Amino acid sequence: MCQALRVSRSGYYAHIKRPESKRSKANRELLDTIKDIHINSRRIYGSPQITKNLPPEKKASRGRVARLMRANGIRSKVVKKYKATTNSSRNLPVADNIVNQNFTTSKPNEKWLSDITYIATGEGWLYLAGVLDLHGRRLVGWAMDSRMKTELVCAALKQAIGRTGASKGLIVHSDRGVQYASKGYQKLLKKHEFICSMSRKGNCYDNSPMESFWGKLKMEWLNDYTFKTRAEAKKAVFEYIELFYNRRRTHSSNDYVPPFLVGDVKNTPEAMRKLMKKIEIPEQLHVCYEAAPTYKVSV
Numbered sequence: 000m001c002q003a004l005r006v007s008r009s010g011y012y013a014h015i016k017r018p019e020s021k022r023s024k025a026n027r028e029l030l031d032t033i034k035d036i037h038i039n040s041r042r043i044y045g046s047p048q049i050t051k052n053l054p055p056e057k058k059a060s061r062g063r064v065a066r067l068m069r070a071n072g073i074r075s076k077v078v079k080k081y082k083a084t085t086n087s088s089r090n091l092p093v094a095d096n097i098v099n100q101n102f103t104t105s106k107p108n109e110k111w112l113s114d115i116t117y118i119a120t121g122e123g124w125l126y127l128a129g130v131l132d133l134h135g136r137r138l139v140g141w142a143m144d145s146r147m148k149t150e151l152v153c154a155a156l157k158q159a160i161g162r163t164g165a166s167k168g169l170i171v172h173s174d175r176g177v178q179y180a181s182k183g184y185q186k187l188l189k190k191h192e193f194i195c196s197m198s199r200k201g202n203c204y205d206n207s208p209m210e211s212f213w214g215k216l217k218m219e220w221l222n223d224y225t226f227k228t229r230a231e232a233k234k235a236v237f238e239y240i241e242l243f244y245n246r247r248r249t250h251s252s253n254d255y256v257p258p259f260l261v262g263d264v265k266n267t268p269e270a271m272r273k274l275m276k277k278i279e280i281p282e283q284l285h286v287c288y289e290a291a292p293t294y295k296v297s298v
């Protein structure tokens, strides 16, 4: 081998016995930390989020983290785009597009986005309605059902109101789906003196942060599973929203701080136990939720 490499035997053995350099050792230890963070995020985090989550004693530049990740084949999952699921209203009144792609906020409960997505199970579709607070990108309300009816979006909105104590003047944006244009949903908005805003017809960008959340939910979590029952899907949705996304997943819009730490959502243990019981979440997950926000999701 030494002849093939054109090096002397003494030079070869001197090389392999040479002590590890400080830089090499530091990179090896940093790489171990990068792998831990990457795996604990279910391989979701890229170099920006991993850099922000490094412990103080392992702080490094984003460029260095990116180089180590690239050299060792560590990549984040890529979020796919998902098409809209609701049908536009033809005969019901449509609200103006007040948000108009201005997704900036100065405080919690200033602008909410809402939408419906669907999840495949062996028992048929499971429909999920969500309400996203643009301030902190928190999912403040959500509901699931086997049917995509007005009651579904009303349940998600009611949960959001109960968890945040939102008051009049809040802008609630959605697409033009019949569920959101329905009399029942509009009546609920008026009851709380909320302002209704709706996307332009066929323009997904008017509700893009909500669409982005659905993409994260599916790509980062649900696509890893095949659900035999709706109950299995409900459990996975709960784990992602309440145990991972709201409490642990860092968000670039928050300077890589989890939504849980931005604003004030009334997630008391009593309120969450009531919610978990209602949607039939297994008892063992109750303990996980009541743990600190640093709860690590199993992988």
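The sequence shown begins at 0 in numbering that gives the first Met the number 0 and counts up by one.
The beta-carbon is built from N, C-alpha and C at its ideal position, and this holds for glycine as well.
Model, not experiment: these values are computed from the prediction.
- Sorting Y255, I43, Q158 and W124 by C-alpha distance to the C-alpha of R146 places W124 at the top.
- In the three-state DSSP reduction, S23 falls in the helix class (H, G or I).
- Counting only the Cα atoms, H134 lies some 11 Å from L260.
- Within its own chain, the residues whose Cβ lies closer than 6 Å to the Cβ of S252, once the five positions on either side in sequence are excluded, are R136, listed in chain order.
- Buried is the label assigned to Q158, since at least 16 other Cβ atoms lie within 10 Å of its Cβ.
- The criterion of a C-beta distance shorter than 8 Å is satisfied by S173 and D114.
- In the structure shown, the three-state DSSP call for M147 is coil.
- Around the beta carbon of P107, 16 or more other beta carbons lie within 10 angstroms, which makes this residue buried.
- In its chain, beyond the 5 residues on either side, R42, I43, M218 and E219 have a beta carbon closer than 7 Å to the beta carbon of K76.
- H250 is bridged by DSSP to V256.
- Here the alpha carbon of L138 sits roughly 42 Å from the alpha carbon of R22.
- Contact between Y184 and C153 holds: their C-beta atoms lie close to 6 Å from each other, under 8 Å.
- Cβ-Cβ separation between R175 and M197: approximately 5 Å, consistent with a contact (criterion under 8 Å).
- About 4 Å separates the CB atoms of A128 and A155; that is less than 8 Å, so the two are in contact.
- Under the DSSP assignment, T116 falls in the beta strand (DSSP E) whose first and last residues are K110 to T120.
- Going by DSSP, S173 is part of the beta strand (DSSP E) stretching over I170 to S173.
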